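Have a look at the structure below, then the notes.
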Amino acid sequence: DVKVTQSSRYLVKRTGEKVFLECVQDMDHENMFWYRQDPGLGLRLIYFSYDVKMKEKGDIPEGYSVSREKKERFSLILESASTNQTSMYLCATRDRVGTDTQYFGPGTRLTVL
Amino acid sequence: QKEVEQNSGPLSVPEGAIASLNCTYSDRGSQSFFWYRQYSGKSPELIMFIYSNGDKEDGRFTAQLNKASQYVSLLIRDSQPSDSATYLCAVRRPGGYNKLIFGAGTRLAVHP
Numbered sequence: 005d006v007k008v009t010q011s012s013r014y015l016v017k018r019t020g021e022k023v024f025l026e027c028v029q030d031m032d033h034e035n036m037f038w039y040r041q042d043p044g045l046g047l048r049l050i051y052f053s054y055d056v057k058m059k060e061k062g063d064i065p066e067g068y069s070v071s072r073e074k075k076e077r078f079s080l081i082l083e084s085a086s087t088n089q090t091s092m093y094l095c096a097t098r099d100r101v102g103t104d105t106q107y108f109g110p111g112t113r114l115t116v117l
Numbered sequence: 005q006k007e008v009e010q011n012s013g014p015l016s017v018p019e020g021a022i023a024s025l026n027c028t029y030s031d032r033g034s035q036s037f038f039w040y041r042q043y044s045g046k047s048p049e050l051i052m053f054i055y056s057n058g059d060k061e062d063g064r065f066t067a068q069l070n071k072a073s074q075y076v077s078l079l080i081r082d083s084q085p086s087d088s089a090t091y092l093c094a095v096r097r098p099g100g101y102n103k104l105i106f107g108a109g110t111r112l113a114v115h116p
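Those protein sequence lines, which keep their order, are chains A and B.
Heads up: the first sequence begins at 5 in our numbering, then just goes up one per residue.
Heads up: the second sequence begins at 5 in our numbering, then just goes up one per residue.
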């Protein structure tokens with residue numbers, strides 16, 4: 005079974021703080037993704053990584069950066085948190101073999117005050 | 005126009021009925037289509053994928069794809085209260101790395 009874990013289920017931060025969200029997978033998948041999910045907007049891709057140290061912007065990268073120093077770990081960084089970044093953040097990994105499926109972590113609900 | 009559109013619902017069906025969930029997409033080059041189920045407070049989980057025109061059945065679930073009309077649907081037969089969830093349609097963009105575009109989801113409520 006694919007296991008994708010995220011560092012926190014709930015997080016409360018203040019405006020202007022630097023925030024780190026971490027995602028770890030145990031299936032040796034090359035591709036990893038960060039999404040945010042907001043009511044009425046669905047899941048939107050922030051960044052993805054197709055290999056260690058490789059990254060590409062998704063649809064809404066502004067205000068975010070990412071880091072992938074090891075294959076199993078993909079971090080999302082909010083350089084200076086703002087209230088409009090209050091959201092559910094979901095990490096996913098991609099299985100390139102077989103069904104080409106994305107597997108999601110449990111999510112982190114971030115509130116920025 | 006959104007790239008992937010779904011009716012937000014809620015779609016309310018009685019237990020035992022067929023639930024029909026629809027999704028339209030705008031990019032004719034899209035090739036792979038996925039249905040995810042998301043229970044309240046949980047993360048999405050894949051329930052079906054379809055790549056070719058026609059129907060694909062898996063247990064009580066049937067995915068239907070019509071590329072000419074640019075729609076994909078999910079039928080759930082013999083609906084159960086445990087099927088109550090939000091169903092997300094996702095479409096793979098042409099190109100690499102399996103970048104998926106998600107619809108906003110349809111909330112399904114199955115009542116006893």
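A virtual CB, placed ideally from N, CA and C, is assigned to each residue, including glycine.
Values in this document were obtained by computation on a predicted structure and should not be read as measured data.
ask   = Going along the stretch 48-66 of chain B in order, which residues come within less than 8 Å of chain A, judged by CB to CB distance?
value = Of all residues in the stretch 48-66 of chain B, only P48, E49, L50, F53 come within less than 8 Å of chain A when Cβ atoms are compared, listed by chain position.
task = List the residues of chain A that G107/B touches, going by C-beta distances under 8 Å, in chain order.
result = Within chain A, G46 have C-beta atoms less than 8 Å from the C-beta of G107/B, given in sequence order.
query = For D55/A, which residues of its own chain have a beta-carbon under 7 Å away from its beta-carbon, when the five flanking residues on both sides are left out?
reply = Cβ neighbours of D55/A within its own chain (closer than 7 Å, five residues either side excluded): E34.
task = Return yes when the Cβ of F52/A is within less than 8 Å of the Cβ of Q106/A, no when it is not.
result = In this structure, Q106/A lies away from F52/A, with their beta-carbon atoms at least 8 Å apart.
query = Do we get a CB-CB distance below 8 Å when we pair F78/A with the residues of chain B?
reply = No - not a single Cβ of chain B is within 8 Å of the one on F78/A.
request  = Classify D59/B as buried or exposed, calling it buried when 16 or more other Cβ atoms lie within 10 Å of its own Cβ.
outcome  = Classification of D59/B: exposed, given that the 10 Å Cβ count is below 16.
Bridge-paired residues (DSSP) for A23/B = A23/B pairs with I80/B.
Nearest to V8/A (by Cα), restricted to the options E49/B, E7/B, I105/B, S44/B = Closest option to V8/A, Cα to Cα, is E49/B.
ask   = G107/B to S24/B, Cα distance in whole Å?
value = In this structure, the CA atom of G107/B is about 16 Å from the CA atom of S24/B.
Same chain only: Cβ atoms within 6 Å of C27/B, ignoring 5 sequence neighbours per side = For C27/B, where only same-chain residues beyond five positions count, the Cβ hits under 6 Å are Q10, V76, C93, G107.
task = Anything in chain A within Cβ reach of L104/B, meaning under 7 Å, just list it in chain order.
result = Residues of chain A passing the Cβ test: Q106.
message = Our contact map puts L80/A next to V70/A with C-beta atoms below 8 Å; I'd like the distance itself, whole angstroms only.
response = L80/A to V70/A, Cβ: 6 Å. Contact.
task = Let me know if V16/A comes out buried or exposed under the rule of 16 or more other beta-carbons within 10 Å of its beta-carbon.
result = Exposed: under 16 other Cβ atoms inside 10 Å.
N- and C-terminal bounds of the beta strand (DSSP E) containing T110/B = 110-115 is the span of the beta strand (DSSP E), which, as asked, contains T110/B.
task = Return the residues of the stretch 14-31 of chain A that lie within a Cβ-Cβ distance of less than 8 Å from chain B, sorted by chain order.
result = Per Cβ criterion, the list is empty.
message = I want to verify the contact list: residues of chain A whose CB lies under 8 Å from the CB of L92/B, in sequence order.
response = In chain order: G46, L47.
Proximal residues of chain A, C-beta to C-beta of S36/B below 8 Å = In chain order: D104.
query = If you drop the 5 nearest sequence neighbours on each side, which residues of the same chain put their C-beta closer than 6 Å to that of S36/B?
reply = In its chain, beyond the 5 residues on either side, Y55, R96 have a beta carbon closer than 6 Å to the beta carbon of S36/B.
inquiry  = Determine, for P65/A, whether the minimum Cβ-Cβ distance to residues of chain B falls below 8 Å.
reply    = With its beta carbon at least 8 Å from every one in chain B, P65/A lies outside the interface.
key: Among L117/A, F24/A, T112/A, nearest to A96/A - alpha-carbon criterion   = Comparing Cα positions, the closest option is T112/A.
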